[in-house]
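*Asks:* I have a structure I would like to understand better, so I am pasting it below and will then ask my questions one at a time.
Number of protein chains: 2
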Amino acid sequence: MADTPLIQIIIGSTRPGRIGRTVAEWFTAHAEADERFDIELIDLGEVNLPMLDEPNHPRKRRYTQEHTKRWSETIDRGDAVVWVIPEYNYALNSATKNAIDYLFHEWAGKPLGVVSYGGVSGGLRAAQQLKQVGSSLWMKTMPDIVMIPNVHSLVDDDGALQPTEIMDTSAAALLDAIAERL
Amino acid sequence: MADTPLIQIIIGSTRPGRIGRTVAEWFTAHAEADERFDIELIDLGEVNLPMLDEPNHPRKRRYTQEHTKRWSETIDRGDAVVWVIPEYNYALNSATKNAIDYLFHEWAGKPLGVVSYGGVSGGLRAAQQLKQVGSSLWMKTMPDIVMIPNVHSLVDDDGALQPTEIMDTSAAALLDAIAERL
């Protein structure tokens, strides 16, 4: 790669009242301070994909909808992906899975980082499902993630996330792991 | 229950070109021939839920959107659920997970049947994920499902599903299992 590699950080929750954007902003600040990467923050709430409405398997890359073509171009320009995800009913949320299922080659071969958040579980079950989905897309999945338990207790009066020490350590470890596998 | 129990058969795929409706019509004919039950076929393509847009956890049942209130009323009237589901990227599809995540109490306590379809895998990995999600909703999950491998090879020239013997056997077994657990 001649240019600085681009990490795309994707906010997987689109729910009104979500905390995902706050979490993603914390991780994005970490990543932007790292001179090894260029960073793009992608908000699925703004991408605004409808429920999967393509008739062809994405392996064929024969997209019929303008929103799919735009989404394909967006992900095509990145070199690695970090998903910031919630856990709904002990599993992946639909907005994240929907955005993934639209594409195939655009994901393949890229490092897949995961930042999951939740209550005591820290979104771990959704994170495991996401790694499993990533493996079916030939992504470079990595054992360690950034796991944020009790996320609501970490939001300060200004609405920003006050990270624990282990969050900062694991964010740095995730960026190192991505750098090694690009 | 004074009345005949109502099984709701839900088509979990909304994708253009889906085979889900064909599969669901086969299972529905089976179920309708069974005098123990009333049957309602629900097509998520017609329900047409947007990506989850409720600010409150469904445990609170404080719905803000008309489509959520309608969906809640629909599922509330049923006594058991049979999901007819595809498998996308070795996992549950987003339309199914989205429709589930809108509600909580409406699912709880009901038998959860699964009819999954796919290639050689028969949609098994999506089926396992759905049972796991069902368990987080206090649904009565059941070990055996109706699994349909190589589903496209079973569609005849009229677009109907020509079942294998094991499909008919497992459909009957699923209806028996539901009857016992209502």
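Respectively, the protein sequence lines represent chains A and B. Quick note on this note's numbering: the first sequence kicks off at 1 and runs consecutively. Quick note on this note's numbering: the second sequence kicks off at 1001 and runs consecutively. Where is the CB? At the ideal position from N, CA and C, for every residue including glycine.
1) Go through its chain and collect everything with a Cβ distance to V1191 of chain B's Cβ below 7 Å, but skip five positions before and after it.
2) Among the residues of its own chain, which have a CB less than 6 Å from the CB of G1045 of chain B, if the five just before and after it don't count?
3) By a C-beta neighbour count over all protein chains shown, 10 Å radius and 16 as the cutoff for buried, is S1153 of chain B buried or exposed?
4) For E87 of chain A, does the count of other Cβ atoms within 10 angstroms reach 16, so buried, or fall short, so exposed?
5) In terms of DSSP beta bridges, what is E40 of chain A paired with?
6) Below 8 Å, can you find three or more Cβ-Cβ pairs linking the segment 1123-1137 of chain B to the segment 1081-1100 of chain B?
7) Straight-line CA distance for A1033 of chain B to N56 of chain A?
8) Using a C-beta cutoff of 8 Å, does L154 of chain A count as contacting chain B?
9) In the structure shown, what three-state DSSP assignment does V1120 of chain B receive?
10) At a CB-CB cut-off below 7 Å, which residues of chain B make contact with G17 of chain A?
11) Between D76 of chain A and the rest of its own chain, which residues show a CB-CB distance below 7 Å, the 5 nearest in sequence each way excluded?
12) Please check if any C-beta of chain B sits within less than 8 Å of the C-beta of I42 of chain A.
13) Looking at the structure shown, is L1137 of chain B part of a helix, part of a strand, or coil, going by DSSP?
14) Check this for me: beta carbons of S1035 of chain B and Q1008 of chain B, under 8 Å apart or not?
15) Cα-Cα, which of A:T169, A:Y63, A:A127, A:M142 is closest to Y90 of chain A?
16) Do you know offhand how far D1144 of chain B's Cα is from L1052 of chain B's?
17) CA-CA distance, D156 of chain A and Q1162 of chain B?
18) Please work out which residues of its chain come closer than 6 Å, Cβ to Cβ, to I10 of chain A, disregarding the five sequence neighbours upstream and downstream, and give them in chain order.
19) Mind checking I100 of chain A: buried by the 16 CB within 10 Å criterion, or exposed?
20) When burial is assigned at 16 or more other CB atoms within 10 Å of the CB, is V120 of chain A buried or exposed?
21) Taking a cut of 7 Å between CB atoms, which residues from the segment 1134-1148 of chain B lie near chain A?
22) If the criterion is Cβ atoms closer than 8 Å, does the pair V1115 of chain B and F1027 of chain B meet it?
23) To the nearest angstrom, how far is the alpha carbon of W1138 of chain B from that of K1060 of chain B?
24) Which runs of the alpha helix (DSSP H), 4 residues or longer, sit entirely within the segment 43-93 of chain A?
25) Of all the CB atoms in chain B, is at least one closer than 8 Å to the CB of M167 of chain A?
26) For I145 of chain A, which three-state DSSP category applies?
27) Taking 8 Å as the threshold (C-beta atoms), are M1142 of chain B and L1182 of chain B in contact?
28) Residue range of the alpha helix (DSSP H) that E106 of chain A falls in?
29) Secondary structure at G20 of chain A, three-state DSSP: helix, strand or coil?
30) Following the continuous alpha helix (DSSP H) through S170 of chain A, name the residue where it begins and the one where it ends.
31) N1093 of chain B and G1012 of chain B: beta carbons closer than 8 Å?
32) So is E1073 of chain B buried or exposed if we call it buried at 16+ other beta carbons inside 10 Å?
33) Going along chain A in order, which residues have a C-beta closer than 8 Å to the C-beta of Q1129 of chain B?
*Replies:* According to the structure data:
1) Residue 1191 of chain B falls outside the range modelled here, since chain B spans only 1001 to 1182, and no answer is possible.
2) T1014
3) exposed
4) buried
5) A:Q8
6) yes
7) 35 Å
8) no
9) The answer is coil: DSSP assigns V1120 of chain B none of H, G, I, E or B.
10) Counting only Cβ-Cβ distances below 7 Å, G17 of chain A has contacts in chain B at P1055, in chain order.
11) E106
12) no
13) coil
14) The residue asked about is misnamed: residue 1035 of chain B is Glu in this sequence, not Ser. With a cutoff of 8 Å on beta-carbon distance, E1035 of chain B and Q1008 of chain B are scored as not near each other.
15) Taking Y90 of chain A as reference, the option from A:T169, A:Y63, A:A127, A:M142 with the minimal CA-CA separation is A:A127.
16) Going by the C-alpha atoms only, they are around 30 Å apart.
17) 60 Å
18) I42, W83
19) buried
20) When all chains shown are included, V120 of chain A counts as exposed.
21) S1136, L1137
22) yes
23) 16 Å
24) 44-47, 66-76
25) no
26) coil
27) no
28) From DSSP, E106 of chain A is part of no alpha helix (DSSP H); its letter is neither H nor E.
29) helix
30) 165-181
31) yes
32) exposed
33) Those are A91, Q129, listed as they occur along chain A.
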